[in-house]
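These protein sequences, in sequence, are chains A and B.
The first sequence lines up with residues 157 to 509 when you count with the working numbering.
The second sequence lines up with residues 157 to 509 when you count with the working numbering.
We put the beta carbon where it would ideally sit given N, CA and C, even for glycine.
Okay, structure first, notes after.
Protein chains: 2
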Amino acid sequence: MTRIAIDAMGGDNAPKAIVEGAVWAAMEYNIPIELVGKLYDIERELDRIDQEGILCSVAGGILPPKRIKVNTKNLDIKKTAASEVIEMGEAPGQAIRKKRNSSIVLAVNAVVTGSSNAVVAAGSTGAAMGASLFGLGRLPGIERPAIATVLPTMKGPLILIDSGANTDCTPEMLYQFGLMGSTYAKSVLGINNPRVALLNIGEEAGKGDELAKDTYKLFDENKNKLNFIGNAEGKEIFLGNCDVIVCDGFVGNVTLKTIEGVAKMFFYMIKQEFYHDVFSKMIGVLVRPILKKMYAKINYEEFGGALLLGVKGITVICHGRSSAYAIKNAVKVAYNAVKSGVNETIASYYGEI
Amino acid sequence: MTRIAIDAMGGDNAPKAIVEGAVWAAMEYNIPIELVGKLYDIERELDRIDQEGILCSVAGGILPPKRIKVNTKNLDIKKTAASEVIEMGEAPGQAIRKKRNSSIVLAVNAVVTGSSNAVVAAGSTGAAMGASLFGLGRLPGIERPAIATVLPTMKGPLILIDSGANTDCTPEMLYQFGLMGSTYAKSVLGINNPRVALLNIGEEAGKGDELAKDTYKLFDENKNKLNFIGNAEGKEIFLGNCDVIVCDGFVGNVTLKTIEGVAKMFFYMIKQEFYHDVFSKMIGVLVRPILKKMYAKINYEEFGGALLLGVKGITVICHGRSSAYAIKNAVKVAYNAVKSGVNETIASYYGEI
């Protein structure tokens, strides 16, 4: 049995959206859940859900939200008490050492003790990373865990690794990100022989900063271990010509947030264009469902969360603003990651778990 | 009199689009031009324009292209012979040393000799930078020239500096980019007390890699010299809450190209959505002009080109795929930059030109 532990207190919409998403996943996928947090809050939410049902609102709101009746008592939902919460502003390292009874630390602990098999967290990314690294430990041979985010492209999903865990990297670290990302693409996304590229400012081998140049060489020397296809520029990310794109966490995080920013501006501009006269307003009404469908395709909620790779266990890190729908999908990502044996494969490169 | 020298041979659409853009600028803005390149090619294009006119196609093609009659003999267009061309694939440093008679080297030389006052170049960015740095020299006190690109935001223009000139930077270099960007925003874009932010992965002072942390401190210590408003994340770029965003050329170039990539994907997705059934196709026809208007707003062609700041002269670097419309706008950017005295102001921080 594979159970997913969820930090019920983490995220802007916690505990409401988190508990709803967890219940939704338990119901739709029949996945056993362990909710970790303040018991009073968790039980209040579960009671509310038993009375009101869940308002199932899909990303982008393509369809009108559907209220679904549910009896949480019939679902396999474990509740684990955590008296503390790590807030977004706290220094992660310090917070996880001080707040030993925080929901994120105890959610990770549930995996350590074997009560659950993976963690889903929508609170402070730093705290989730710290608690996972500290609680689960690194996979053998892996220097630094990294965050692997799945992005939509014109053709299919793409893994961006590292999207924010490590700011100052060495070529060896980036090479390991490539190995881990490639394994993720194969094991979880089912991509055969994933094409791995290095995010750079030009396609030729000699391009980029010192880190990029040295990393290129290292990837090139290890072509027998992964399908390295060379450098890729930012504009190529979305063409769907590679499956894994590797960069340090600083560049990755800036890239990820830039994408979010551009997407927001687009929808803002579209709204503006469709609101400045009667004619455009009329077209706007017709266009809305099509735009919503498009929005849903690129919405991060569809992918649920990003995987922290390189730790001895599965941790899925969600957007702070995660909705119930995002959490439901994140639980599925965590579940699939456990089933895929991604960690066992990564560990096999350097030793054994 | 302010004359703009143009590398007529640089860019994917050279010499056609370049010569057309130059003629268009000369006509519309009454700006004197110096076309540098193979005389045979330049004259052939000018003859063609005299016979056919210019097909004035605005970015995004909002309006149907208009053919305008023109007699290039009535315009102030100087022609300067250059027998060589630096191709896109060539190593820039080597190429500018070897090809002393290349169009880009001689276009820069036109500024050195005083025949023109600024250069517009759509060929190899590396060659344009190298030729400018080598030919014009650095402004006093400036460690490294940087590329300042103007981006659209929800509120107004934003300067991204450095967008690709320098890959491995020090805090001092980034601080100078901030100073130069701020001066550009003030002198050329007319923004009073420009808000300068550091591109980072979090808003708090302690965020980011070593470079970002040290640079933050340096900016903070020099708050009396520029309006430093702290860190900004990638998603904030487009909110219009800052006027200048500073980063090293690696991050800047990845960011710039990511924006280009996302924009492309958007329009690709929109096309797809409006083409899969009769109903959506019908809406598509109505929507097209609105989307074109939107596209024009974010199209790089509107801004013409990016300014290379920190050299003793004005060099405007254009997109390799520049159309005549982009070149026309780039000539205007170059002209405005000369008139603004941006370099004199930058030089005054550290000494005199």
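Neighbour-count burial assignment, residue i, 16 or more Cβ in a 10 Å radius
| i | result |
| --- | --- |
| Pro-221 (chain A) | exposed |
| Gly-270 (chain A) | exposed |
| Gly-405 (chain A) | buried |
| Leu-367 (chain B) | buried |
| Asp-197 (chain B) | buried |
| Leu-211 (chain B) | exposed |
| Glu-377 (chain B) | exposed |
| Ser-239 (chain A) | exposed |
| Met-450 (chain A) | buried |
| Arg-223 (chain B) | exposed |
| Asn-380 (chain B) | exposed |
| Gly-346 (chain A) | exposed |
Residue i and residue j closer than 8 Å at C-beta
| i | j | result |
| --- | --- | --- |
| Thr-252 (chain A) | Ala-278 (chain A) | According to the sequence displayed, residue 252 (chain A) carries Ile and not Thr. Cβ atoms of Ile-252 (chain A) and Ala-278 (chain A): not closer than 8 Å. |
| Val-175 (chain A) | Ala-164 (chain A) | yes |
| Phe-394 (chain B) | Lys-420 (chain A) | yes |
| Lys-311 (chain A) | Gly-396 (chain A) | yes |
| Ile-242 (chain A) | Leu-191 (chain A) | no |
| Val-276 (chain A) | Ala-490 (chain A) | yes |
| Ser-280 (chain A) | Met-329 (chain A) | no |
| Gly-469 (chain B) | Val-267 (chain B) | yes |
| Leu-202 (chain B) | Thr-228 (chain B) | yes |
| Ala-321 (chain B) | Ile-303 (chain B) | yes |
| Ala-161 (chain A) | Gly-167 (chain A) | no |
| Glu-389 (chain B) | Gly-362 (chain B) | no |
| Met-183 (chain B) | Leu-231 (chain B) | yes |
| Val-487 (chain A) | Ile-205 (chain A) | no |
| Glu-392 (chain A) | Gly-417 (chain B) | yes |
| Val-400 (chain A) | Ser-338 (chain A) | yes |
| Leu-442 (chain A) | Ile-426 (chain A) | no |
| Val-214 (chain B) | Ala-452 (chain B) | yes |
Residue span of the alpha helix (DSSP H) that contains residue i, given as start and end
| i | result |
| --- | --- |
| Asp-168 (chain A) | Taken as a continuous stretch (DSSP letters only), Asp-168 (chain A) belongs to no alpha helix (DSSP H), as it is neither H nor E. |
| Lys-311 (chain A) | From DSSP, Lys-311 (chain A) is part of no alpha helix (DSSP H); its letter is neither H nor E. |
| Glu-328 (chain A) | 327-343 |
| Ile-205 (chain B) | 195-208 |
| Lys-254 (chain B) | 248-254 |
| Ala-493 (chain A) | 480-496 |
| Arg-444 (chain B) | 434-454 |
| Thr-371 (chain B) | 366-377 |
| Phe-290 (chain A) | 281-292 |
N-terminal and C-terminal residue of the beta strand (DSSP E) that residue i is part of
| i | result |
| --- | --- |
| Phe-459 (chain B) | That residue, Phe-459 (chain B), is in no beta strand (DSSP E); it is neither H nor E in DSSP. |
| Ile-303 (chain B) | 302-308 |
| Asn-387 (chain A) | 383-388 |
| Val-352 (chain B) | 351-355 |
| Ile-233 (chain B) | 233-237 |
| Ile-426 (chain A) | Counting along the chain, Ile-426 (chain A) falls outside any beta strand (DSSP E), though it belongs to the alpha helix (DSSP H) covering 405-429. |
| Val-276 (chain A) | 274-277 |
| Thr-471 (chain B) | 470-473 |
| Ile-224 (chain B) | 222-224 |
| Ile-260 (chain A) | Premise fails: Ile-260 (chain A) lies in the alpha helix (DSSP H), 259-268, not in any beta strand (DSSP E). |
| Ile-187 (chain A) | Neither: Ile-187 (chain A) is in no beta strand (DSSP E) and is coded neither H nor E. |
| Ile-401 (chain B) | 400-402 |
Close-in-space but distant-in-sequence residues of the same chain around residue i (CB under 6 Å, 5 per side omitted)
| i | result |
| --- | --- |
| Cys-325 (chain A) | Asp-404 |
| Gly-282 (chain A) | Pro-248 |
| Phe-384 (chain A) | Val-352 and Phe-375 |
| Ala-274 (chain B) | Ile-160, Ile-470, Ala-490 and Val-494 |
| Thr-309 (chain A) | Phe-394 and Gly-396 |
| Lys-225 (chain A) | Gly-209 |
| Arg-200 (chain B) | none |
| Asp-370 (chain A) | Pro-327 |
| Gly-440 (chain B) | Phe-430 |
Residues of its chain near residue i, where Cβ-Cβ distance is below 7 Å and the 5 sequence neighbours each way are ignored
| i | result |
| --- | --- |
| Ser-496 (chain A) | Ser-343 and Val-344 |
| Phe-290 (chain A) | Ile-252 |
| Tyr-340 (chain B) | Ala-304, Ile-315, Leu-463, Leu-465 and Val-498 |
8 Å Cβ shell around residue i - same chain, five flanking residues per side excluded
| i | result |
| --- | --- |
| Thr-323 (chain B) | Asp-404, Gly-405 and Phe-406 |
| Leu-374 (chain A) | Pro-327, Glu-328, Leu-330 and Tyr-331 |
*Are the segment 253-267 of chain B and the segment 432-446 of chain B touching, with three or more C-beta to C-beta distances below 8 Å?*
no
*Three or more C-beta pairs below 8 Å linking the segment 332-339 of chain B and the segment 349-359 of chain B*: yes
_Inter-stretch contact at 8 Å, needing at least 3 Cβ pairs: the segment 463-481 of chain A / the segment 466-483 of chain B_ = no
*May I ask you to verify whether the segment 453-472 of chain B touches the segment 489-508 of chain A, counting CB pairs closer than 8 Å and requiring at least 3?*
no
*asked:* I want to know whether the segment 404-421 of chain A touches the segment 313-329 of chain A - three or more CB-CB distances under 8 Å.
replied: yes
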